[in-house]
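To start, the structure under review is shown below, and the notes come after it.
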Amino acid sequence: MTLPVLAALFIAGVLLHNAEEARWLPAWSGRAGRWHPKVGPREFRFAVTVLSAILVAVALAAASEGPGSAAAYLFFGYVFAMAANAVMPHLLGSLATRSYMPGTGTGLGLNLPVGAWLLQRGLAEGWVALGTLAWVAPAVALSLVAAIPLLFALGRRLFPG
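Sequential numbering from 1 applies to the sequence shown in my numbering.
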């Protein structure tokens, strides 16, 4: 499988994951207790739509700019973030609440294995260097985590009710 096909498969998996979350996570958050703050469907769907658009834009930029580009590092950082997201919060959230956290199946079944494969291939084919990715990937992941409450707040402001 070529790297572009693998990247497209990963993106499709993330979009499916985000759709699963958009449909069921707001209701789940209402009964998740301290594990996840309650979030309304409007702000949650706004946030996952923005995050999905960012993934697609960064992937297109990486494909256009090529190996070693800033966009390539941002894309592979996003891949790392979504692979890690399958474990924390999804798997751990499901275990902690003893209920299925929406997104766990697509995270563990698609994003984690395809993301790990994509990271391995990106490193092997010289799209990114391990030394740089080792700090860029956590930085991208933390940036995405930090963006979520901001996107929720913006979504509540744009789509009240």
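Heads up, the beta-carbon is just placed ideally off N, CA and C, and yes, glycines get one too.
Does the distance between the C-beta of residue i and the nearest non-hydrogen atom of the ligand ATP fall short of 8 Å?
{"i": "M1", "result": "Of ligands this structure carries none, so the ligand ATP is not represented either."}
Roughly how many angstroms separate the alpha carbons of residue i and residue j, rounded to a whole number?
{"i": "A81", "j": "V136", "result": "11 Å"}
{"i": "A141", "j": "Y78", "result": "7 Å"}
{"i": "A129", "j": "G93", "result": "32 Å"}
{"i": "L240", "j": "V14", "result": "Beyond the ends of the chain as shown, which are 1 and 161, falls residue 240; an answer cannot be given."}
{"i": "F152", "j": "P67", "result": "33 Å"}
{"i": "G161", "j": "W127", "result": "44 Å"}
Closest by CA to residue i, which one among the options?
{"i": "A63", "options": "F76, S52, A96", "result": "F76"}
Residues in the same chain with beta-carbon distance under 7 Å from residue i, minus the five sequence neighbours each way, listed in chain order, please.
{"i": "A7", "result": "A59, L118"}
{"i": "R121", "result": "L3, L6"}
Use the C-beta contact count for residue i: other C-beta atoms within 10 angstroms, 16 or more gives buried, fewer gives exposed.
{"i": "E21", "result": "buried"}
{"i": "P89", "result": "buried"}
{"i": "P102", "result": "buried"}
{"i": "E43", "result": "buried"}
Leaving out five residues before and five after residue i in sequence, what residues of the same chain have Cβ atoms less than 6 Å from its Cβ?
{"i": "V114", "result": "L9, F10, G13"}
{"i": "T97", "result": "A32, W35"}
{"i": "R38", "result": "First, the amino acid is wrong: residue 38 is Lys here, not Arg. So the list reads S29, G30, once near-sequence residues are dropped."}
Could you confirm whether any beta carbon from chain D is found closer than 9 Å to the beta carbon of residue i?
{"i": "A147", "result": "Absent from the structure is chain D; it holds one protein chain and no more."}
Exercise. Of all the alpha helix (DSSP H) runs that stay within the bounds of the segment 53-127, which reach a length of 4 or more residues?
Worked result: 70-85, 92-97, 112-124
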